[in-house]
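Each residue of the sequence shown is one higher than the one before, starting from 1 at the first, in the UniProt record's numbering.
Please read the structure below before turning to the comments.
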Amino acid sequence: MRTLYLQCTAFSVLLVLIISSAWGNLMSQENTGKSSGQHLTAEQLASWVLEVNPGLAAIQAAAEAAAYRIDPAGSLDDPVLSYGIAPLTHDSSRGINQRFDVSQKIPWPGTLAARKAAARNDALAVSSEADMLQLLVITQTKAAYAEWHFIHEALNIHHATQALLDELTVATQVRYATGLATKQDALQAEVELNNLKNQELILLRQQVAIQARINALLNRVPDASLPEAEPIVVSRRQPPTFQELQALALTHHPEFSQLNAQISAGESRITLAEKAFLPDFQVGMGYNSLWDDADKRTTFGVSINIPLDRSKRKSVLNQARADTRRAEWLLVERRAELLADLAQARAEVIEAQSSVALYQDKLVPLAEEYLESAIADYQSGAGGFLNVITAEQRKLTTDLAHARARADYVRRLAELERWTGASINLSLPTSTGVKQ
Numbered sequence: 001m002r003t004l005y006l007q008c009t010a011f012s013v014l015l016v017l018i019i020s021s022a023w024g025n026l027m028s029q030e031n032t033g034k035s036s037g038q039h040l041t042a043e044q045l046a047s048w049v050l051e052v053n054p055g056l057a058a059i060q061a062a063a064e065a066a067a068y069r070i071d072p073a074g075s076l077d078d079p080v081l082s083y084g085i086a087p088l089t090h091d092s093s094r095g096i097n098q099r100f101d102v103s104q105k106i107p108w109p110g111t112l113a114a115r116k117a118a119a120r121n122d123a124l125a126v127s128s129e130a131d132m133l134q135l136l137v138i139t140q141t142k143a144a145y146a147e148w149h150f151i152h153e154a155l156n157i158h159h160a161t162q163a164l165l166d167e168l169t170v171a172t173q174v175r176y177a178t179g180l181a182t183k184q185d186a187l188q189a190e191v192e193l194n195n196l197k198n199q200e201l202i203l204l205r206q207q208v209a210i211q212a213r214i215n216a217l218l219n220r221v222p223d224a225s226l227p228e229a230e231p232i233v234v235s236r237r238q239p240p241t242f243q244e245l246q247a248l249a250l251t252h253h254p255e256f257s258q259l260n261a262q263i264s265a266g267e268s269r270i271t272l273a274e275k276a277f278l279p280d281f282q283v284g285m286g287y288n289s290l291w292d293d294a295d296k297r298t299t300f301g302v303s304i305n306i307p308l309d310r311s312k313r314k315s316v317l318n319q320a321r322a323d324t325r326r327a328e329w330l331l332v333e334r335r336a337e338l339l340a341d342l343a344q345a346r347a348e349v350i351e352a353q354s355s356v357a358l359y360q361d362k363l364v365p366l367a368e369e370y371l372e373s374a375i376a377d378y379q380s381g382a383g384g385f386l387n388v389i390t391a392e393q394r395k396l397t398t399d400l401a402h403a404r405a406r407a408d409y410v411r412r413l414a415e416l417e418r419w420t421g422a423s424i425n426l427s428l429p430t431s432t433g434v435k436q
């Protein structure tokens, strides 16, 4: 018996260990990529944020609720059943006399269709608003990703510059000890090195801030670890022409879909307001056993309302017309504004591409050559240490500006995608570089 008990206990412990291990592996797999290991891409981060964004989930739920209101809007009201008895007739030969009626209200033809069309367009407007929010969230996420990439690259640049200054500081101290350099050279190196350390503190503070911002987008604690950003590859292929982007935006941008849906909903409400001047029908049948003649007990009938108060109906109609005109003017206004934003975003992408190319092809190589030449001149005695410090500062500024230009490219391309309403892949030919 004791042996059986020990076997059961051992089996239970083993089972708990197996379940714990499996659960740990599952949680580890869920967090793979969000913590460390693989490099983080802008698309991957945007996908994570869209999965957990509460504002987007809320408006998607609102769109779902609006979709559920479509069918009821086009349905008839429930029929009405009424029933009554004459209790004092219980001693009659027919027993207790009773009466019942059933009736159904039927709106004027076209009313239900207009009501359903208004609900359908309202649902489309809410759905388009969800798409607009999704575009905004993606743009904000990619902008945060660009800053995350820049901070890491800026820190790497500072570390490389600090390593160079460490070597120069040692060299100046040796040269000063041997009488080949002045004390001013050694002090200049120390000052520049400490300035770099101070700038690194600023970058570390910015790193904490952008990490907290990204984790807020992911609904996580501010200090949750994040993978390092993947290196940014800047395409030299220009974005599609403005005419191509304009055609795509006018056809597919959710803001235009929303305003067009609001206009259509307003037109349906105008139709409903016009139908309100016409009567609604109510058909019914009844049975009344109080009639002695059996042929008189069953009745059929129809009734209509009489829309006498035309002033209130005119007010509703004028309101519907004004709301529709408002949506039409908003469409005209937003069309002009969005196309202006689209043109500006495209120009900024081209500017970022040109800037990155200029840094890669000209400015960065020149800054490197300038620094190497200044160091060589100093070591040979042909140049002063101040020239080395100046060249080092120029190299640092150029490298940081190059990193900023690459980050700006990601951010501006995200803005262009937002105003286009579609993703743009510049690694593909222009004719196929736009994905809806």
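C-beta atoms are modelled at their ideal positions from N, C-alpha and C, and glycine is treated no differently.
The region 70-82 touching the region 249-261, judged by at least three CB pairs closer than 8 Å: Segments in contact, no.
Skipping 5 residues on each side, what residues in its chain have a beta carbon closer than 6 Å to that of S21? Taking the sequence shown and counting its residues from 1, the one referred to as residue 21 is at position 21. Here the model assigns S21 a pLDDT of 41, short of 50, so the residue's position is not dependable and the matter cannot be decided.
Span separating the alpha-carbon of Q211 from that of A61: Stepping through the sequence shown from its first residue, residue 211 is reached at position 211. Stepping through the sequence shown from its first residue, residue 61 is reached at position 61. Distance from the CA of Q211 to the CA of A61, rounded to the nearest whole angstrom, comes to 29 Å.
Run through DSSP, which three-state label would R418 get? Counting from 1 along the sequence shown, the entry for residue 418 is found at position 418. Correct three-state label for R418: helix.
Relative to the alpha-carbon of A276, which residue among A189, N53 and R115 has its alpha-carbon at the smallest distance? Your numbering for residue 276 matches position 276 in the sequence shown. Taking only the C-alpha atoms, the option nearest A276 is R115.
Do V349 and A405 have their beta-carbon atoms positioned less than 7 Å apart in this structure? For this step, residue 405 is matched to residue 405 along the sequence shown. For this step, residue 349 is matched to residue 349 along the sequence shown. No, Cβ-Cβ distance for A405 and V349 is not below 7 Å.
Please classify A123 as buried or exposed, where buried requires at least 16 neighbouring CB atoms within 10 angstroms. Counted from its first residue, the sequence shown places residue 123 at position 123. The C-beta of A123 has 16 or more other C-beta atoms within 10 Å across all chains shown, which makes the residue buried.
Evaluate the contact criterion for the region 223-241 versus the region 147-155: three or more CB pairs, one atom per stretch, below 8 Å. These segments touch.
Give the DSSP bridge partners of V283, in chain order. By one-based count along the sequence shown, residue 283 stands at place 283. DSSP, once it has assigned bridges, lists Q104 and V302 as partnering V283.
Integer Cβ distance of L81 from F100, believed to fall under 8 Å: Stepping through the sequence shown from its first residue, residue 81 is reached at position 81. Stepping through the sequence shown from its first residue, residue 100 is reached at position 100. Confirmed, Cβ separation roughly 7 Å.
Measuring alpha carbon to alpha carbon, tell me which of T299, D280 and P279 ends up nearest Y287. In the sequence shown, residue 287 corresponds to position 287, counting from 1. It is T299.
Relative to the C-alpha of L218, which candidate in I202, L56 and L180 has its C-alpha closest? For the purposes of this step, residue 218 is identified with residue 218 of the sequence shown, where counting begins at 1. Among I202, L56 and L180, the Cα nearest to that of L218 belongs to L56.
For V316, collect the residues of the same chain with a Cβ closer than 7 Å to its Cβ; drop the 5 residues on either side in sequence, then sort them by chain order. In the sequence shown, residue 316 corresponds to position 316, counting from 1. Excluding sequence positions up to five before and after V316, its CB lies within less than 7 Å of the CB of A273 and A276, all in the same chain and listed in chain order.
Apply the 10 Å Cβ neighbour rule to E64 and answer buried if 16 or more other Cβ atoms are within range, or exposed otherwise. Translated into the one-based positions of the sequence shown, residue 64 becomes position 64. Label assigned to E64: exposed.
Take K183 and list the residues in its own chain whose beta-carbon comes closer than 7 Å to its own, dropping the five residues that flank it on each side. Here residue 183 refers to the residue found at position 183 when the sequence shown is read from its first residue. For K183, where only same-chain residues beyond five positions count, the Cβ hits under 7 Å are Y176.
Just to confirm, are E417 and I424 a CB contact at a threshold of 7 Å? To locate residue 417, count along the sequence shown from 1; it is residue 417. To locate residue 424, count along the sequence shown from 1; it is residue 424. Yes; because the gap between Cβ atoms is below 7 Å, this pair is in contact.
Contacting residues, own chain, Cβ-Cβ under 8 Å from Q360 (five flanking each side not counted): Mapped onto the sequence shown, residue 360 falls at position 360. Correct list, in chain order: H402.
Between the alpha carbons of T271 and L248, how many angstroms are there, rounded? The residue you call residue 271 lines up with position 271 of the sequence shown. The residue you call residue 248 lines up with position 248 of the sequence shown. If you draw a straight line from the Cα of T271 to the Cα of L248, it comes to about 32 Å.
My output table needs one value for R99: the three-state DSSP class, helix, strand or coil. Here residue 99 is taken as the residue at index 99 of the sequence shown, counted from 1. Taken through DSSP and simplified to helix, strand or coil, R99 comes out as strand.
Which whole-angstrom value is the C-beta distance of T169 and L136, which I expect to be below 8 Å? By 1-based counting over the sequence shown, the position of residue 169 is 169. By 1-based counting over the sequence shown, the position of residue 136 is 136. T169 to L136, Cβ: 48 Å. No contact.
Three-state secondary structure (DSSP) of N288: Within the sequence shown, numbered from 1, the residue matching residue 288 stands at position 288. If DSSP states are grouped into helix, strand and coil, N288 belongs with the strands.
Would you give the residue range spanned by the alpha helix (DSSP H) that G55 belongs to? If you number the sequence shown from 1, residue 55 lands on position 55. P54 to Y68 is the extent of the alpha helix (DSSP H) around G55.
Do you know how far the Cα of Q44 is from the Cα of Q38? Sequence index remark: in the sequence shown, residue 38 carries index 38 (1-based). Sequence index remark: in the sequence shown, residue 44 carries index 44 (1-based). Roughly 11 Å separates the two Cα atoms.
Could you round the C-beta distance between G84 and Q98 to whole angstroms and report it? I think they count as a contact, below 8 Å. Indexing the sequence shown from 1 puts residue 84 at position 84. Indexing the sequence shown from 1 puts residue 98 at position 98. Confirmed, Cβ separation roughly 7 Å.
Provide the residue(s) that pair with V80 in DSSP beta bridges, ordered along the chain. One-based indexing of the sequence shown puts residue 80 at position 80. As a beta-bridge residue in DSSP terms, V80 pairs with S103.
Are the region 160-168 and the region 392-402 in contact at 8 Å, needing three or more beta carbon pairs? The region 160-168 vs the region 392-402: in contact.
How should N121 be labelled, buried or exposed, when 16 other C-beta atoms within 10 angstroms of its C-beta is the threshold for buried? If you number the sequence shown from 1, residue 121 lands on position 121. Residue burial annotation: N121 is buried, with at least 16 other C-beta atoms found within 10 angstroms of its C-beta.
Can you give me the Cβ contacts of A119 inside the same chain, cut-off strictly under 7 Å, excluding the 5 residues immediately before and after it? Here residue 119 is taken as the residue at index 119 of the sequence shown, counted from 1. So the list reads R69, I70 and A73, once near-sequence residues are dropped.
Have a look at the DSSP bridge pairing and note the partners of I85. Within the sequence shown, numbered from 1, the residue matching residue 85 stands at position 85. Among the bridge pairs identified by DSSP, I85 is matched with Q98.
Sequence ranges, alpha helix (DSSP H) only - wholly within the region 120-150, length at least 4: If one requires a minimum length of 4 residues, no alpha helix (DSSP H) run lies completely within the region 120-150.
From V332 to P222, what distance separates their C-alpha atoms? As a working note, residue 332 is residue 332 in the sequence shown. As a working note, residue 222 is residue 222 in the sequence shown. If you take the alpha carbons of V332 and P222, they lie about 42 Å apart.
Coil, strand or helix - L226 by DSSP: The residue labelled residue 226 in the question sits at position 226 within the sequence shown. In this structure, L226 counts as coil in the three-state DSSP scheme.
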